[in-house]
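Visitor: First, the structure itself, so that you have it in front of you.
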Amino acid sequence: DGGITQSPKYLFRKEGQNVTLSCEQNLNHDAMYWYRQDPGQGLRLIYYSQIVNDFQKGDIAEGYSVSREKKESFPLTVTSAQKNPTAFYLCASSGRDRGNTIYFGEGSWLTVV
Amino acid sequence: AQSVAQPEDQVNVAEGNPLTVKCTYSVSGNPYLFWYVQYPNRGLQFLLKYITGDNLVKGSYGFEAEFNKSQTSFHLKKPSALVSDSALYFCAVRDGGFGNEKLTFGTGTRLTIIP
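Those sequence lines, one after another, are chains A and B. Heads up: the first sequence is residues 549 to 661, going by our numbering. Heads up: the second sequence is residues 24 to 138, going by our numbering.
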């Protein structure tokens with residue numbers, strides 16, 4: 549089945565540790581995104597990439613890093629510099645349909661303990 | 024700059040009644056408008072979109088939305104609500120200018136259908 553796969557679904561991290569969230573898509577989409585979701589605040593864009601080996605900061609990039617070495621993959625690293633990392637993280641991608649519709653993965657819960 | 028507002032945090036509707044979830048937007052160019060639904064602990068699912076053409080857009084699960092340019096609105100509607108429609112709904116907007124990949128989301132409206 550075509551889709552966007554995020555892993556792990558649940559992740560616990562100790563303060564001071566970096567963690568990496570995986571995102572893989574087999575939709576042949578050029579663009580990929582990472583969003584953070586907090587209760588009552590909707591979705592906020594962390595990073596996005598429109599092409600391999602290129603990415604741009606979104607609205608809340610501080611404390612996060614990404615790479616785009618392959619078209620299918622867009623991992624997100626939450627570094628120890630991110631002051632409040634506990635959140636629901638959503639990966640998404642978009643192709644070249646009318647309006648460049650964005651499709652989402654199932655999300656990953658990160659909890660700092 | 025582009026923005027979207029969902030003025031109601033919570034909407035309650037009796038099962039079988041029509042439902043409306045409100046959305047207004049602001050863009051400098053032509054708007055591309057989207058509705059998504061989110062169930063607990065899940066990702067967002069695409070429901071429908073307006074790009075150009077007919078102001079009434081039909082989407083998944085019997086939902087539809089009406090684009091109103093003069094009121095800068097894109098309200099989500101369904102003629103008869105089901106209990107299974109209970110979820111969190113997000114409106115989103117993109118300025119349709121070339122090269123703009125960023126989609127801006129509203130803060131969401133929690134829809135509860137009462138049996």
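Quick reminder that beta carbons are idealized off the backbone N, C-alpha and C, glycines included.
(1) Among the candidates B:L79, B:T127, B:L70, B:P63, whose CA atom is the shortest distance from the CA of B:L111?
(2) Within this structure, are the beta carbons of A:L593 and A:D602 separated by less than 8 Å?
(3) Would a check of beta-carbon distances place A:E654 closer than 8 Å to chain B?
(4) Which one or two residues does DSSP pair with B:R117 in a beta bridge?
(5) Under the rule that 16 or more other beta-carbon atoms within 10 Å means buried, what is A:Y612, buried or exposed?
(6) What residue does the beta strand (DSSP E) around B:K89 start on, and which one ends it?
(7) If you measure from the CB of A:E572, is any heavy atom of the ligand ZN nearer than 7 Å?
(8) Could you give the residue range of the beta strand (DSSP E) that holds A:F560?
(9) Could you pull out every residue in the same chain whose Cβ sits closer than 6 Å to the Cβ of B:F90, ignoring the five residues on either side in sequence?
(10) If I measure Cβ to Cβ from B:L56 and keep anything under 6 Å in the same chain, skipping five residues before and after, which residues do I get?
(11) Of all Cβ atoms in chain B, is any one closer than 8 Å to the Cβ of A:A579?
(12) A:C639 lies in the beta strand (DSSP E); which residues open and close that run?
(13) Is the Cβ-Cβ distance between A:A579 and A:Q598 less than 8 Å?
(14) Using 8 Å as the limit for Cβ to Cβ distance, is A:T659 near chain B?
(15) Do B:T132 and B:V36 have their CB atoms nearer than 8 Å?
(16) Can you give the Cα-Cα distance for A:T634 and B:S83, rounded to whole angstroms?
(17) Output the distance between the C-alpha atoms of B:F113 and A:G588, rounded to the nearest integer angstrom.
(18) For B:F69, go through chain A and note every residue whose CB falls closer than 7 Å to its CB, in chain order.
(19) Taking buried to mean at least 16 other C-beta atoms within 10 Å of its own C-beta, is A:Y581 buried or exposed?
Guide: Answer, in terms of the structure:
(1) B:P63
(2) Not a contact, by the Cβ cut-off of 8 Å.
(3) Closer than 8 Å: yes.
(4) In the DSSP output, where bridge partners are listed per residue, B:R117 has B:Y55.
(5) buried
(6) Note that residue 89 of chain B is Glu in the sequence shown, not Lys. Where B:E89 is concerned, the enclosing beta strand (DSSP E) stretches over 87-91.
(7) Among the ligands in the structure shown, none appear at all, so the ligand ZN cannot be discussed.
(8) 558-561
(9) Y73, N78, F97
(10) So the list reads Y73, F97, V116, once near-sequence residues are dropped.
(11) yes
(12) First-last of the beta strand (DSSP E) with A:C639: 635-642.
(13) yes
(14) Chain B contact via Cβ: absent.
(15) No, they are not a contact pair.
(16) Cα atoms of A:T634 and B:S83: separation of roughly 32 Å, rounded to the nearest angstrom.
(17) Roughly 12 Å between the two C-alpha positions.
(18) T649, Y651
(19) buried
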